[in-house]
Amino acid sequence: MQPKDSQDRRGDRDFPLSLAQERIWASEQLADAGSHYGTPVVFALRGDLDPGLLEEALTHIVERHEVLRSVVSIASGSPRFVVVPAHPVRLDPQDVASEQEMTERVSAATAAPFDLLHGPLVRFGLYRLGPADHRLLVDIHHLIFDGVSAGVLVQELAELLAAGAEGRTPELPVLPIAYGQYAVAQRRTLDEGLLGSQIEHWYSRLKDASFALDLPTDYPRPARMSFHGASHSFTLPASLGVELAEAARRWSVTPYVVMLAGWAAVLGRYAGQEDLLVGTPMAGRTEPGTEDMIGMFVNVLALRVRPERDQTFLGLVNQTRQASIEGLVHQEAPIEKVIERLRPPRDPSRNPLFQTAFVYDEALEESPHAAGVTIEGAAPPPRTASKLDLSIEVVERDGRLEAEIEYATDLFAPETIRRIATHYTTFLANAVRSPNRPLCEIPLASQEEHALLMTRQSGDGASYDPVVLPSLFEAQVGRHPDACAVSFGALRWSYRQLNERANRLARALSARGMGPEELVGVALPSGPLLVLAILAISKAGAAFLPLDPAYPAKRIEYIVGDARPALLLTDAIGATAQPWTMPVLVLDEQQTGRDKGTGADSDSDSEAANLSDAHRSHPLTPAHPAYVIYTSGSTGTPKGVTVTHEGLAGLSGAQIEAFGVRSDSRVLQFASPSFDASVSELCMALLSGATAVFVPGLHDFVGGSFEAVLVRETVTHVTLPPSVLASLSPDEELPADLTVVVAGESLTADLAARWSGRCRMFNAYGPTEATVCATLSGPLTGKAGNEPPPIGRPIADTRILVLDEGLRPLPVGVAGELYLGGAGLARGYLGRPDLTAAGFVACPFGPAGGRMYRTGDRARWRDDGNLEFVGRRDDQVKMNGFRIELGEIENVIAAHPGVEQTAVVVREDRPGLRHVVAYVVAQAPDEEILAHAASQLPDYMLPSAVVRLRNLPLTTNGKVDRRNLPAPDDRTSVTDRGPGTAREQQLCKLICEVLDLAAVGVDESFFELGGQSLHAVRLLSRIRGVMGVEIGIKALFQAPTAALLAARIDSGQFAAITRPALIGRDES
0 MQPKDSQDRR GDRDFPLSLA QERIWASEQL ADAGSHYGTP VVFALRGDLD PGLLEEALTH
60 IVERHEVLRS VVSIASGSPR FVVVPAHPVR LDPQDVASEQ EMTERVSAAT AAPFDLLHGP
120 LVRFGLYRLG PADHRLLVDI HHLIFDGVSA GVLVQELAEL LAAGAEGRTP ELPVLPIAYG
180 QYAVAQRRTL DEGLLGSQIE HWYSRLKDAS FALDLPTDYP RPARMSFHGA SHSFTLPASL
240 GVELAEAARR WSVTPYVVML AGWAAVLGRY AGQEDLLVGT PMAGRTEPGT EDMIGMFVNV
300 LALRVRPERD QTFLGLVNQT RQASIEGLVH QEAPIEKVIE RLRPPRDPSR NPLFQTAFVY
360 DEALEESPHA AGVTIEGAAP PPRTASKLDL SIEVVERDGR LEAEIEYATD LFAPETIRRI
420 ATHYTTFLAN AVRSPNRPLC EIPLASQEEH ALLMTRQSGD GASYDPVVLP SLFEAQVGRH
480 PDACAVSFGA LRWSYRQLNE RANRLARALS ARGMGPEELV GVALPSGPLL VLAILAISKA
540 GAAFLPLDPA YPAKRIEYIV GDARPALLLT DAIGATAQPW TMPVLVLDEQ QTGRDKGTGA
600 DSDSDSEAAN LSDAHRSHPL TPAHPAYVIY TSGSTGTPKG VTVTHEGLAG LSGAQIEAFG
660 VRSDSRVLQF ASPSFDASVS ELCMALLSGA TAVFVPGLHD FVGGSFEAVL VRETVTHVTL
720 PPSVLASLSP DEELPADLTV VVAGESLTAD LAARWSGRCR MFNAYGPTEA TVCATLSGPL
780 TGKAGNEPPP IGRPIADTRI LVLDEGLRPL PVGVAGELYL GGAGLARGYL GRPDLTAAGF
840 VACPFGPAGG RMYRTGDRAR WRDDGNLEFV GRRDDQVKMN GFRIELGEIE NVIAAHPGVE
900 QTAVVVREDR PGLRHVVAYV VAQAPDEEIL AHAASQLPDY MLPSAVVRLR NLPLTTNGKV
960 DRRNLPAPDD RTSVTDRGPG TAREQQLCKL ICEVLDLAAV GVDESFFELG GQSLHAVRLL
1020 SRIRGVMGVE IGIKALFQAP TAALLAARID SGQFAAITRP ALIGRDES
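Each residue of the sequence shown is one higher than the last, beginning at 0 in numbering that gives the first Met the number 0.
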């Protein structure tokens, strides 16, 4: 491939980069090895080709357009273009046997990175498929080439081939200026303020816009863009192309406007945004004579499109049309200067201002013929780079609309992009046929996908007959009367013993008037008496209200005052724990077993026989309450959730089947009695014939010898919150065939990878309002990865709905609010009809009168039919204009090997000053944790303080108690610190010089202080000259503060200078 660049630069001419080139160059510095700005084009040359004539024509083009023989030099910290002497183009034709082989050869050739410093920036290749069938590859960098340039290249190539074959002088238009002169003139125009009004127009239009498109991604967003990409091509149906063209004519707009409006509407639906910016390129050749030049002239407009949910599609088209017209009028304002004027928060993980683009082109129909050869466009090699999160190009060719979506493979899986393409096609079809419908009512999903969603909403397991808890337990007593039901240290109760004791107590309760619709409080610690009390209350027909004695007295007092139980069951200690306001029954051996000294329970004891409805105040049905659990809520005070018997059969049946619980299983009872997971644990054991294992002082072992307890007690099944699991050592011995169920909090990918390879692991999800558990994952794999573990599929008799704000089902991949329905739905909130009406709403799907619970959680369906938990609505935080998920920050910090536990919150310890704080239990130093976070998270997501704790505070349910996380003191803050070392002092001084500031803090981000890409180049040049250290611009984005840079220099991550600076010309 030619031309080769000479190292002799004497007599070279240099020019500043144009603004478009400067933007591309700065972006290129952030990329991994290789270029994401290669723009290879391939031409099919059909006919009797003379390779020598082709070489002469290409040589002439390179000589004619100086930009094709230019390289980039760094001078005084600024990039400049240097024009070097031209060299003859030499082609080495390669024979290929097929189009497939030719594509492979072209892909291999274009994979080689461009060397911007030494060149060349254009490379040619010729491939011979047959005597009269060749492919010409022009592999060229976007710095010197754009879409219009391709047309110029074809026209000049045809003329030069024809002139050469005919022995005449080629007739090419005179180029009034060279590209370098254009770049100089452009900067002069800026310096003279001639574009000031246009820049101010964009500032006024965009200053309050959202600069982040928050599309749900398949993989966590990396800390910086790698530009790794791929593409997906598809063709819109011919009939839809006709409809779009007719609609555009009818509405007096171009097809470009209609399809841009559709693209914004679809992405807005995916992102849940009604205001977004879409990049769209303009040719930028407004100066006379530039239309015949090869070079990079493109300017990009950031069009603000507002696909508001209640707006009609026709209204959006008209709004998009107006935005496009205004954009055309102000198209000369360089996007680089608009960005500088707006100063959006720096985020190297995103393109500034916009992360999606829309391009609409009409394919050139003409295929010039010269020297016996017809020149036609051919398919370029597959894309391997993406400059944005995703962008779409639509080309109208021969009446067809051919589209290609380019996307970042760091963010999206191929199936997601294929689905977006399908949704875009479906939306356009529905929109042009019903343009006056609100956007939120125009379907994205096809009828087939909608039908599939309907089938996914319900559990695919067999339904369970609604049976009350006493009957479910007594069935196991009949099957396994002598099996161990409860284990507590040395104490063992068989199913027969537990049943008879519960029957005696149930009769005593019935005699006191306890029955259906009555509420009985239970103030007992975890252990056999607690199980006994729960079963006895259920057998009497009443509902139990668990009151964990470990709870603060004030909370228990509130719950008792709110719930007003008719009776309290407790032990001797609990009876005097506080002044109870209801009758108290103290449980002891006298009331729970036979009289002292009588030996084993007797089968003939009528008091020990099972109760029937004849023994209750009135019949017990599945619709009666089984228990009331108090949960914390957004109201700030606990509220009681009344759960009926109806969902218990489905809960226990689904979990016993999924987890493989058998009569010889041993199920650890870990959860606090006041947490609904305790109901799940108890049902899992006692409704399968297994043993419910209680361990005295169990929670004291967490973070210590908990694993040894599991082994000693031969536990087969345990349910743990992620916070507790994270505190355990993955190196300690575990029981054979252990099954771990994770529930109560979001499970991170890192934690799943660490534990799922050592045991059988499930992820469970469900609020108290849906009888503990609504969805279950399959067994998780031990494969490490960034993809969050799914929360699975709905269990039997449960319905799952992912809905938008208008309660419309959302298609696969689109995040919405999670609603639950089915047999497990709670009756409501005890004594709070207002909260019940707000949380339990009418279900618009299925039979009339159906209800569904609004969880406040956000989720989305995956392609494989599993649900993915996205986060809480109230966990979505806006920082510096960007929407963030605190769980994402936690996942990154937790992945550090020196971090055992972490919790991340947003605090506002001073009015108006909100900041992210990370709490860690860790061996690694703060600086290392922050550097790790900075390597994977953008600046605006980095914690401003790290607080080290011996243990994270946990609620009695085992969840992180975020309300009791301490405020960071001055010693833990990492903001506003002055330099503490000589190196930090030196770096702060250099930053001040480059940004013309009086002083900077050692932890202040260079980019948040106003640094742009060119400032970064100058800073790194100064660091190189003053400190003798070579730092790449990518490293500055990863470590944008003086403290982080100093730490990396001290650790030897940057090389000392061993070669000359990257200056391609003599400054003298």
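Beta carbons: idealized from backbone N, C-alpha and C, even for Gly.
Cα-Cα separation, residue 1098 to residue 390: The requested residue 1098 does not occur in the structure, where the chain is confined to residues 0 to 1067.
Test item: CB-CB of residue 538 and residue 502 under 8 Å: For residue 538 and residue 502, yes; Cβs fall inside 8 Å.
Per-residue burial, residue 575 [other beta carbons within 10 Å of its own, 16 or more giving buried]: Counting other Cβ atoms within 10 Å of its Cβ, residue 575 stays below 16 and is therefore classed as exposed.
Under the three-state DSSP convention, the category residue 610 falls into: Three-state DSSP puts residue 610 in coil, outside helix and strand.
Per DSSP, the bridge partner or partners of residue 483: In the DSSP secondary-structure assignment, residue 483 is bridged to 493.
Same chain, Cβ closer than 7 Å to residue 46, neighbours up to 5 away in sequence not counted: In chain order, 131, 371, 372 and 373 place their CB closer than 7 Å to the CB of residue 46, counting only its own chain and leaving out the 5 sequence neighbours on each side.
Residue closest to residue 889, alpha-carbon to alpha-carbon, out of 173, 219 and 119: Taking only the C-alpha atoms, the option nearest residue 889 is 219.
Beta carbon of residue 642 nearer than 8 Å to that of residue 629: Result no, Cβ atoms of residue 642 and residue 629 do not sit closer than 8 Å.
Rounded C-alpha distance that separates residue 894 from residue 749: Looking at the two C-alpha atoms, the distance is approximately 6 Å.
Per-residue burial, residue 892 [other beta carbons within 10 Å of its own, 16 or more giving buried]: Result: buried.
Cut-off 8 Å between Cβ atoms - residues of its own chain near residue 1053, not counting five sequence neighbours on either side: Answer for residue 1053: 1028, 1029, 1030, 1034 and 1047, listed in chain order.
Length at least 4, wholly inside the segment 720 to 762: the alpha helix (DSSP H) runs in chain order: DSSP runs (the alpha helix (DSSP H)) wholly in the segment 720 to 762: 721 to 726 and 748 to 755.
Member of 113, 60 and 54 whose CA lies at the smallest distance from the CA of residue 28: Selected option, being the one with the closest Cα: 113.
Cβ distance (whole Å) where residue 801 is taken to contact residue 859 below 8 Å: That pair is a contact at about 6 Å.
Neighbourhood of residue 928 by C-beta, 7 Å cutoff - its chain only, sequence neighbours within 5 removed: Closer than 7 Å at the Cβ level, and outside the excluded window around residue 928, lie 892, 895, 898, 919, 921 and 945.
Where the beta strand (DSSP E) through residue 231 begins and ends: Segment 228 to 234, the beta strand (DSSP E) holding residue 231.
C-alpha distance - residue 191 paired with residue 333, whole-angstrom precision: Distance between the alpha carbons of residue 191 and residue 333 is about 14 Å.
Neighbour-count burial assignment, residue 798, 16 or more Cβ in a 10 Å radius: Residue 798 should be labelled buried.
Rounded C-alpha distance that separates residue 953 from residue 572: C-alpha separation (whole angstroms): 25 Å.
Reduced DSSP category for residue 602 - H, G, I as helix; E, B as strand; rest coil: Confidence at residue 602 is low in this model, with a pLDDT of 46, below 50, so its placement is unreliable and no value can be given for it.
Cβ-based neighbour list, residue 780, same chain, cut-off 7 Å, excluding 5 preceding and 5 following: Excluding sequence neighbours, residue 780 sits near 755.
Same chain, Cβ closer than 8 Å to residue 655, five either side skipped, listed in chain order: Closer than 8 Å at the Cβ level, and outside the excluded window around residue 655, lie 683, 686 and 687.
For residue 1016 and residue 965, the rounded distance between their alpha carbons: In a straight line, the C-alpha of residue 965 is about 41 Å away from that of residue 1016.
Residue 85 vs residue 68 beta-carbon contact at 8 Å: Closer than 8 Å, so yes.
Inter-residue spacing [alpha-carbon to alpha-carbon] between residue 773 and residue 865: The alpha-carbon of residue 773 is positioned some 13 Å away from that of residue 865.
Residue 196 versus residue 341 - alpha carbon distance: Taking the straight line joining both Cα atoms gives about 14 Å.
Exposed unless 16 or more other CB atoms sit within 10 angstroms - verdict on residue 680: Counting Cβ neighbours within 10 Å, residue 680 comes out buried, since at least 16 surround it.
One or two residues paired with residue 281 in a DSSP bridge: Looking at the DSSP assignment, residue 281 forms a beta bridge with 298.
Pair within 8 Å by beta-carbon distance, residue 319 and residue 256: Cβ atoms of residue 319 and residue 256: closer than 8 Å.
Beta-carbon gap between residue 417 and residue 231 smaller than 8 Å: The Cβ atoms of residue 417 and residue 231 sit closer than 8 Å to each other.
Cβ pair residue 296, residue 19 closer than 8 Å: Taking 8 Å as the Cβ cut-off, residue 296 and residue 19 qualify as a contacting pair.
Contained beta strand (DSSP E) runs [length at least 3] in the segment 404 to 487, N- to C-terminal order: Fully enclosed beta strand (DSSP E) runs of 3 or longer: 483 to 487.
Classification of residue 1004 by the beta-carbon crowding that lies within 10 angstroms, buried from 16 upward: Buried is the call here.
Residue closest to residue 252, alpha-carbon to alpha-carbon, out of 201, 236 and 315: The residue with the shortest Cα to Cα distance from residue 252 is 315.
Residues that DSSP places opposite residue 389 in a beta bridge: According to DSSP, residue 389 shares a beta bridge with 355 and 406.
Cβ pair residue 495, residue 480 closer than 8 Å: For the pair residue 495 and residue 480, the CB atoms are nearer than the 8 Å cut-off.
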